[in-house]
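Undergrad:
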Amino acid sequence: MEENLEKLRKIGVKEIAKQTRISTSRIQDILDKQFEHTQRVHLVGFLQILEREYKLDLSGVLKAYDDQHNTTTIEEPTEKSVQVQDLSLDTQKQRYDAIDERKKQANSKQKFYLTLASVAIVIFAYLIYQNIASKYKSQPSPQEITQESDAQSNEQDLTQATDDTTLESTQENTSSDEPQSSQDEGTSDSTQTPQGTQEPDSSHLESTQAPSNAMVLNADMDLWFDIVDLDTNRRKYQGVTSDTYSIKTDNHRWLLAFGHSNFTLTMNGEPFAFPKSNYPLYFIYEPDNGFRKIDPQTYKRLAEQVR
1 MEENLEKLRK IGVKEIAKQT RISTSRIQDI LDKQFEHTQR VHLVGFLQIL EREYKLDLSG
61 VLKAYDDQHN TTTIEEPTEK SVQVQDLSLD TQKQRYDAID ERKKQANSKQ KFYLTLASVA
121 IVIFAYLIYQ NIASKYKSQP SPQEITQESD AQSNEQDLTQ ATDDTTLEST QENTSSDEPQ
181 SSQDEGTSDS TQTPQGTQEP DSSHLESTQA PSNAMVLNAD MDLWFDIVDL DTNRRKYQGV
241 TSDTYSIKTD NHRWLLAFGH SNFTLTMNGE PFAFPKSNYP LYFIYEPDNG FRKIDPQTYK
301 RLAEQVR
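Using full-length UniProt numbering, the first residue of the sequence shown is number 1, and each one after it goes up by one.
1. Curious, which full-length beta strand (DSSP E) runs of at least 3 residues does the stretch 224–303 contain?
2. For residue 213, does the three-state DSSP call read helix, strand or coil?
3. Among the candidates 278, 284, 125 and 97, whose CA atom is the shortest distance from the CA of residue 297?
4. Among the candidates 31, 102, 6 and 54, whose CA atom is the shortest distance from the CA of residue 19?
5. Could you tell me the alpha carbon to alpha carbon distance between residue 60 and residue 292, rounded to whole angstroms?
6. Please name the residue in 233, 114, 267 and 278 whose C-alpha comes closest to that of residue 246.
7. Under DSSP, the alpha helix (DSSP H) around residue 69 begins and ends at which residues?
8. Is it buried or exposed, residue 220, if we count other Cβ atoms within 10 angstroms and call 16 or more buried?
9. So, using beta-carbon positions, are residue 257 and residue 271 closer together than 9 Å?
10. Round the Cβ separation of residue 223 and residue 241 to the nearest angstrom and send it over; I've been treating them as touching at under 8 Å.
11. Alpha carbon to alpha carbon, how far is residue 102 from residue 11? Give it in angstroms, no decimals.
12. Please classify residue 169 as buried or exposed, where buried requires at least 16 other C-beta atoms within 10 Å of its C-beta.
13. Excluding the 5 residues flanking residue 244 on each side, which residues of the same chain have their C-beta closer than 6 Å to its C-beta?
14. Is residue 27 buried or exposed, if buried means 16 or more other CB atoms sit within 10 Å of its CB?
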């Protein structure tokens with residue numbers, strides 16, 4: 001352990017902080033083995049990052065922490081709000097920079113939308129004006145209205161006589177057609193009724209929807225864990241949680257690391273049994289073989305491929 005710590009001292013606290021995003025005070029505490037202000041769950045995460053970055057075995061530091069505190073149980077933090085701030089591994093500046101960048105983008109988008117709305121309002125007002133102007137132009141003069149009314153009255157006088165003579169014949173034809181139309185409607189209703197009562201069978205549609213594989217993690221207390229998709233060589237999540245975390249496996253291979261064993265791991269509702277320990281655990285999940293425990297060296301070798 002001392003040999004590995006000496007290698008880190010030669011690299012330098014500032015250089016380590018620059019490469020790992022861990023604060024210099026936390027790095028100095030690890031090098032000096034001073035853990036008064038460091039919680040165990042966070043120490044596990046820092047050691048994992050240092051081991052992966054510099055290919056060193058720092059498990060002795062965790063044992064020294066346990067010896068210094070004279071306990072093998074994990075202390076539960078009193079304020080979860082402080083934990084959330086520490087989980088970022090002192091990368092708050094990056095988050096603030098990202099927030100400022102999003103604000104600038106939002107302001108630029110707001111100006112663009114305001115300009116676009118102003119142009120749309122001007123175009124809409126112009127179209128309304130053109131519509132009103134065309135209506136005024138299309139309105140007929142009083143003289144044209146008088147001529148049209150006279151012509152309509154003459155046409156009504158000519159057609160009044162023919163309307164009277166055809167009214168009776170129309171009523172007779174209507175009365176004779178009513179029984180036939182009623183019979184036709186009854187026949188049409190009888191033929192259309194079976195079609196209207198047909199309903200689509202939804203059971204077949206539901207049966208074709210197969211459930212997707214899901215991995216569910218339930219932490220009993222604050223737990224540091226790392227999940228990596230080995231098929232895409234991308235890290236899915238790394239941090240601390242005390243709640244339930246689920247992920248779709250997508251039929252991929254997954255690399256998992258946990259700070260302790262106070263949690264349950266299920267796959268499609270079936271729990272995975274593993275030995276309990278206060279030290280980090282490493283697993284690999286394969287669609288054909290399920291979960292399998294691996295040693296730290298195998299985990300480090302596979303984790304090196306992560307982009």
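Ideal Cβ placement from N, Cα and C applies to all residues, glycine included. Bear in mind that the values here come from a model prediction, so they are computed numbers and not experimental data.
TA: Reading off the structure:
1. 234–241, 244–248, 254–258, 263–267, 281–286 and 290–293
2. Start at 1 with the first residue of the sequence shown, and residue 213 comes out as number 213. DSSP places residue 213 in coil when its eight states are reduced to three.
3. For this step, residue 297 is matched to residue 297 along the sequence shown. Minimum Cα distance to residue 297 is reached at 284.
4. Reading the sequence shown from its first residue, position 19 is the one you call residue 19. Minimum Cα distance to residue 19 is reached at 54.
5. Within the sequence shown, the letter at position 60 stands for residue 60. Within the sequence shown, the letter at position 292 stands for residue 292. Each residue's Cα considered, the two are about 25 Å apart.
6. By 1-based counting over the sequence shown, the position of residue 246 is 246. Among 233, 114, 267 and 278, the Cα nearest to that of residue 246 belongs to 267.
7. The residue you call residue 69 lines up with position 69 of the sequence shown. Residues 59–69.
8. What you label residue 220 is simply residue 220 of the sequence shown in a count that begins at 1. Answer is exposed; the Cβ neighbour count stays below 16.
9. Here the question's residue 257 lines up with position 257 in the sequence shown. Here the question's residue 271 lines up with position 271 in the sequence shown. For residue 257 and residue 271, no; Cβs fall outside 9 Å.
10. Within the sequence shown, the letter at position 223 stands for residue 223. Within the sequence shown, the letter at position 241 stands for residue 241. Right, the Cβ-Cβ distance comes to about 6 Å (below 8 Å), so this counts as a contact.
11. Along the sequence shown, read from residue 1 onward, the residue named residue 11 stands at position 11. Along the sequence shown, read from residue 1 onward, the residue named residue 102 stands at position 102. Going from the Cα of residue 11 to the Cα of residue 102 covers about 36 Å.
12. As a first step, residue 169 is located in the sequence shown; it is residue number 169 there, counting from the start. Caution applies to residue 169, whose pLDDT of 46 falls short of 50 and renders its modelled position unreliable; the model cannot decide the point.
13. One-based indexing of the sequence shown puts residue 244 at position 244. If we look at residue 244 and ignore the five residues flanking it on each side, its Cβ neighbours are 218.
14. By 1-based counting over the sequence shown, the position of residue 27 is 27. Buried, since its Cβ has 16 or more Cβ neighbours within 10 Å.
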